[in-house]
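K.L.:
Residue numbers (our numbering), protein chains in the order written: chain A, 1 to 307; chain B, 1 to 307; chain C, 1 to 307; chain D, 1 to 307; chain E, 1 to 307.
Shown next as structure tokens:
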């Protein structure tokens, strides 16, 4: 086993060998295998945003098998999706790529300022589908946060006992926060900390802006002169906020945008010590050839093969 | 086994042979057996709308045995009903026609803009009654959707472990949607996607209109020029939204209406690649002879024997 | 066993030997071992206030292992933290210092006048991590108090059956109280009583002010001339309110403040018969050397080695 | 995925994707990865024969970590051992090599003509240790066979539901058989059939001799002129008896013996269509360098790189 | 934490922090705390041999509190006893000394050549009594061994999940062995191996003689020239047989005998790398003063303070 992989596993001393093996599987698969860096393909947008918004730009993506194949061909570390999408390809691609079963999901047919995803899968589903990890979304800032925190408490305990890893999507959102505050540096760092305290092995957050949302936090950032001017600095602060870098923190790609802008973002994540990216729409909404080329370049940046 | 049936079963690679066998039973029974097309008789209106509204137009329908016999005589693929109706005829018609036990139901004695059906049956009831599948209604758009999604998560997992198929009625409705939005093309396609992501083998939706409900969706439909002008095109889009046609999608007949209009609708479903119809009131509220004739014509359209 | 420890254990006659052993462990560990006095290091501020506000003043504190080591080096009786922080060091520090797993936590990303922490850990987590006690926060005065009281009812019963001790943070707060009332002597004494009535073995409250919040209480304090002029008198009254001193009551340090002021507070707690302090930010936000020196002096005051 | 691996997975259509993924893991790991051939290192002799008989010939083998490392360095497909041996290395070697947890074991301290191994591990142990499969020994021919068959019935059902593969050691033995009969061709073929009928994914038997034990069987072998003169022919017959080659059948190496004889045996297994070898004592009782060289040659024979 | 203690904990990588903490407690308590050596007081003879045979020689031993106090005063690492004896003192001595609850026991009122102890306590009893470990006796060589092995499989799994350590008394006995064979070097080494394979953290065996019981083993001992002439050599071989010294092996004192002989035995255990002694009758059947003196000398030998 690679020294870096072994070092990272060493951070999870409370976990059983089954969970460690699944963490190792996630770290050892794909083009970034053994580097301790991650590029994960997540496809839950069909549920979260609706099928046309997700797949009409690149219609082969309507087919659930497309994403297994894309993640595999691109050399991603893992493929993450809700129950139905995994059920529709897990047998055909059995053992080919580590899977993460998303256990809760939101749709946009019901609004409200305080979102709370629905439970849509279980730990036993993850076992029968051969997944290496469960995925779960929390919305710190939502008035419904207690329900989400209690659910992940129970699901994480069960997953760990059964030898699975736990990936938490931590997306600040809700009546407690301004729109700008959802990606504010203090809030994103806080969201990373909360996910770690809830027992996540891997945390996914959004790239933070330099905005500071909370007054009580601003005083400290200013007094202690926490460096947050560049994205790399902010990533570094988020990683520090995740148990001083002793939990794996990866960053979402967010909305589809200019390719050059994404590469800049990836460079900043890499330079700030982030562990990688989880890139959905920017991957599967491009034509397959473009997507493979794009993901290869992202991986090259993480691997240090490209600037 | 018919090639088309075999092809369809091939889409369900995560399921055990018991579930596959029940799916095959649904596909092989009746006048459309082996075609991969479906006409199902559902009779839950006694619960959902009350007895007189349901059965007074054709009083023999008060007798639960009437519907078993009607579905059988008409050559439907299956008969779907709540617990009580199945209990009242399952022994007498044992083995004669595949049954679908509806596990939740609403009544109209209590209103509210955010509907949530009550659990009225269990997976074990389905087994003891010899049903091939469970049926379950979700209302995407209702503020109570999380409760329904969590329920079908648990029921579907249990049903699949016990070798049953899962049929989801996905009817957008609730405070998140306008009345027109309940059948909007973007919403119906989304509802089909959600049901598939929740693990449904068979999804039932309403025939969609050309209306688009959600602004974020409209931009995509326009930009990507998704064809939705005709009902056949819209059906095709809904089927595509159900895992690129790799899940069975059938369409409800909706309110009783003009026979010619129904046949037009059925032709559009057929031409758009829909898998069939689930026709309740338009069947059992007609006199038996008329109903048989009507259903025969619907089946002929699906079978390609009629235009 | 020390006589004082034995005397204190004698107050808990309804508890099984497992719980008594864990209470004894808490009392026998560290520099105050055997005195019946406590200095506990709690670090839940990462969750409760956010990482930068908690750890930027002394950045080594971002690393979860820092706090285990600090509590151990300082000779604290125990270290208390949420799930994630304990998971990140419990194996490395196995058996070195008694642990208290905090089972609920709040964050400040969602406001509201009536706080209710989320459940973030379980009694079984406490067992697998080797903790001696569970910790739980209640907010008397919150409209959500019944939910918290019911939760601790269930968790305490389970913890006691499994041989663990129960530590309750009792912090009056919510729409029922004025800001000043949160630390009013009548309210703090009441909060201590409620925690004891809920079955706590150890109660943590804030040092009370001389303010009286409730009119009905004020009449009695005046009529019965309850002495509450000095902090030592108020501590004595709080301890009396905790079953006449037959439950362990410790006091929080509150916000970081002037060192001399803290020592004065500690002297008053000692002189009033308080059992000790639980000091978070005033410990881990100082540089390690200063923190060790500071904690040593606090312990010396409790041990009677310093004035 | 390799075509051969996909072909083999196609034989297990009743299994869920979790089990298929674990079967794929076993087939894709090591020097024979992707060939559909297997060389597995089993080390249960410490339990089955005692430590000195097992490890004194090569004392580093007393250390449980030795065998993980040996299996890994040699490029075996998997390492199989009882609970204690896996517990002693599963964290250190997490994710490095597929593991098979043997769930029952015999010792030689109690005799009797009708052996029945003790249950020594559980399916949940396999999950927490990160194993890909359970292993289980049956002794067809023992008067206690019903107990073993019932145990594997329950354990296999649980393992399959939880996404694990099932490996059955099928060793005819007991009062129903002569000593020579234990490896008779009719009995070994029968033992393979029984293991398959009990639901094994992978069956391990001993290389059969040309002896025929049962009179009723002899008549058929003679009448139908089943070719059993050479070991390759007998292997072919055993593989045929395992569902016409649609179950994986591997062969044990048996007692330590002459290296050239083993290579001859391996060639015969290969030529007869056997899927591979499970080689314990002949591997770990040699000095490490010799063992690696030996295993490399065995794998070369299976891979067709050596004659 | 002492380096030696940390090293030993490092052998148990599959265990959770709760179990590691309890192992650490056993290693850190008493006069041998931190040395990695053990002297444990076991008192199950009241159940196993009857009260008069056990306690008449030193009548204060009829009182269950006597043994807690003796173990504590002598500085033993732990005190081990059946349910009743622990219930009778666990509250009074709460937290003073690590406890081991024996979960099965035999009496001598029913004979038979194939002993099988009765279950007399549970893991939950261990938790409520504050024990650090469960104790369990197996009799390899008994025809009833399968029942014992299956019981410890289930109890050990439960104990480990709940953060307790597992101590196995492995005493070869039964129709499979001669009387002399019960302490034969090959049999004792085998018994140690079996206990480790069953998942024991700590194994207790009897000091082995130079007799070899099993013919198949004798050949290996002779061929490999395993040194077994002296007790120290035999202890070394037993420790090696316990996963190459990576499991804790302690030795029973056996029947009451000459003090000098015991000291010689202890020296041999120490010199052979044994981890310590578990001494019952030789301790509690002596007058208290003598017993303390005796145990002090035993500990001095282990600590290297005496020859």
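Here a beta-carbon is modelled for each residue, glycine too, at the ideal position from N, C-alpha and C.
Keep in mind it's a predicted model, so treat the numbers as computed, not measured.
1. Just reading off the alpha helix (DSSP H) that residue 239/D is part of, what are its end residues?
2. Assign residue 277/E to one of three DSSP states: helix, strand, or coil.
3. Taking residue 84/D as part of the alpha helix (DSSP H), name the residues at either end of that continuous run.
4. Assign residue 46/E to buried or exposed, taking buried as 16 or more other Cβ atoms, counted over all protein chains shown, within 10 Å of its Cβ.
5. Whole beta strand (DSSP E) runs in the stretch 9 to 81 of chain D with 3 or more residues, listed along the chain?
6. With residue 204/B as the anchor, note down where its beta strand (DSSP E) starts and where it stops.
7. For residue 241/E, go through chain D and note every residue whose CB falls closer than 9 Å to its CB, in chain order.
8. Could you name the residues of the same chain whose beta carbon sits closer than 6 Å to that of residue 211/C, not counting the 5 residues immediately before and after it, in chain order?
9. Please go through the stretch 143 to 168 of chain E and give each complete alpha helix (DSSP H) segment of 4 or more residues, from N-terminal end onward.
10. Could you round the C-beta distance between residue 115/E and residue 174/E to whole angstroms and report it? I think they count as a contact, below 8 Å.
11. Starting from residue 133/C and walking both ways along the alpha helix (DSSP H), at which residues does that stretch end?
12. Drop a sphere of 10 angstroms on the beta-carbon of residue 10/E, count the other beta-carbons inside from all chains shown, and report buried for 16 or more, exposed for fewer.
13. Report the rounded CA-to-CA distance for residue 8/B versus residue 24/B, giving the unit in angstroms.
14. Run through chain A and tell me which residues come within less than 7 Å of residue 96/C, C-beta to C-beta.
15. With respect to the alpha helix (DSSP H) encompassing residue 262/C, which residues constitute its N-terminal and C-terminal limits?
16. Is it buried or exposed, residue 109/D, if we count other Cβ atoms within 10 angstroms and call 16 or more buried?
17. What residue range does the beta strand (DSSP E) around residue 310/E cover?
18. According to DSSP, is residue 91/E part of a helix, a strand, or is it coil?
19. What are the residues that DSSP puts in a beta bridge with residue 170/C?
20. Could you check whether the stretch 160 to 171 of chain D touches the stretch 122 to 129 of chain A, counting it as contact only if at least three pairs of C-beta atoms, one from each stretch, sit closer than 8 Å?
21. Mind checking who residue 209/B pairs with in its DSSP beta bridge?
22. Using a C-beta to C-beta distance shorter than 9 Å, which residues of chain B count as neighbours of residue 154/A?
23. Any beta-carbon of chain E closer than 9 Å to the one on residue 124/C?
24. How far does the beta strand (DSSP E) with residue 249/A in it reach, from first residue to last?
25. When you check each C-beta in the stretch 5 to 33 of chain B against every C-beta of chain D, which residues fall closer than 8 Å?
26. Return the first residue and the last residue of the alpha helix (DSSP H) that residue 223/B is part of.
27. Applying the criterion that 16 or more other CB atoms from any shown protein chain within 10 Å of the CB defines a buried residue, is residue 220/D buried or exposed?
28. Taking 9 Å as the threshold (beta carbon to beta carbon), is residue 162/A in contact with chain D?
29. Reducing DSSP to helix, strand and coil, say where residue 306/E ends up.
30. Throw me the rounded Cβ distance for the residue 68/C and residue 97/C pair, which I believe falls under 8 Å.
31. Using 8 Å for Cβ pairs, my map puts residue 103/B next to residue 122/B. What's the rounded Cβ distance?
32. Take residue 199/B as the anchor and find which of 26/A, 89/A and 233/A has the nearest alpha-carbon.
33. Any beta carbon from chain D within less than 9 Å of residue 180/E's own beta carbon?
34. Which residues in chain C have a C-beta closer than 9 Å to the C-beta of residue 199/E? List them in chain order.
35. What does the Cβ neighbour count give for residue 58/B, buried or exposed, with the cut at 16 atoms within 10 Å?
36. Which residues in chain H have a C-beta closer than 7 Å to the C-beta of residue 177/E? List them in chain order.
P.N.:
Reading from the atomic positions:
1. Element bounds for residue 239/D: 231 to 241.
2. Strand.
3. First-last of the alpha helix (DSSP H) with residue 84/D: 83 to 87.
4. Buried is the call here.
5. Qualifying beta strand (DSSP E) stretches, in chain order: 38 to 42 and 78 to 81.
6. It spans 202 to 205 - the beta strand (DSSP E) in which residue 204/B sits, taken as one unbroken run.
7. Among the residues of chain D, those whose CB is under 9 Å from the CB of residue 241/E are 46, 50, 51, 52, 55 and 62, following chain order.
8. Counting only Cβ-Cβ distances below 6 Å, and skipping sequence neighbours, we find 180 and 184.
9. List check, alpha helix (DSSP H) in window: 145 to 161.
10. The beta-carbon distance between residue 115/E and residue 174/E, rounded to whole angstroms, is 6 Å. This is short enough to meet the 8 Å contact definition.
11. Segment 133 to 138 is the beta strand (DSSP E) holding residue 133/C; no alpha helix (DSSP H) there.
12. By the neighbour-count rule (16 or more Cβ atoms within 10 Å), residue 10/E is not buried but exposed.
13. For residue 8/B and residue 24/B, the distance between alpha carbons rounds to 9 Å.
14. The contacting residues do not exist; residue 96/C stays about 13 Å from chain A at best.
15. Residue 262/C -> alpha helix (DSSP H) spans 259 to 271.
16. When all chains shown are included, residue 109/D counts as buried.
17. A query on residue 310/E cannot be resolved here, the shown segment of chain E reaching from 1 to 307 and no further.
18. Coil at residue 91/E, not helix or strand.
19. Answer is 138/C, bridged to residue 170/C.
20. Yes, the stretch 160 to 171 of chain D touches the stretch 122 to 129 of chain A.
21. Its beta-bridge partners are 184/B.
22. Those do not exist, as residue 154/A stays about 13 Å from chain B at its closest Cβ, beyond 9 Å.
23. Closer than 9 Å: yes.
24. DSSP places residue 249/A in the uninterrupted beta strand (DSSP E) bounded by 248 to 252.
25. Cβ proximity to chain D below 8 Å picks out 13, 14, 16 and 17 from the stretch 5 to 33 of chain B.
26. In the DSSP annotation of this structure, the continuous segment of the alpha helix (DSSP H) that includes residue 223/B starts and ends at 215 to 223.
27. Residue 220/D should be labelled exposed.
28. A Cβ of chain D is located within less than 9 Å of the beta carbon of residue 162/A.
29. Coil.
30. The Cβ separation is near 7 Å, so the contact holds.
31. At roughly 7 Å, the Cβ-Cβ gap stays under 8 Å, so residue 103/B and residue 122/B are in contact.
32. Checked all of 26/A, 89/A and 233/A; the closest Cα to residue 199/B is 89/A.
33. No, because no Cβ of chain D sits closer than 9 Å to the Cβ of residue 180/E.
34. In chain order: nothing, as chain C lies at least about 16 Å away.
35. For residue 58/B, the number of other beta carbons within 10 angstroms of its own is at least 16, and it is reported as buried.
36. You won't find chain H in this structure, because its protein chains are A, B, C, D and E.
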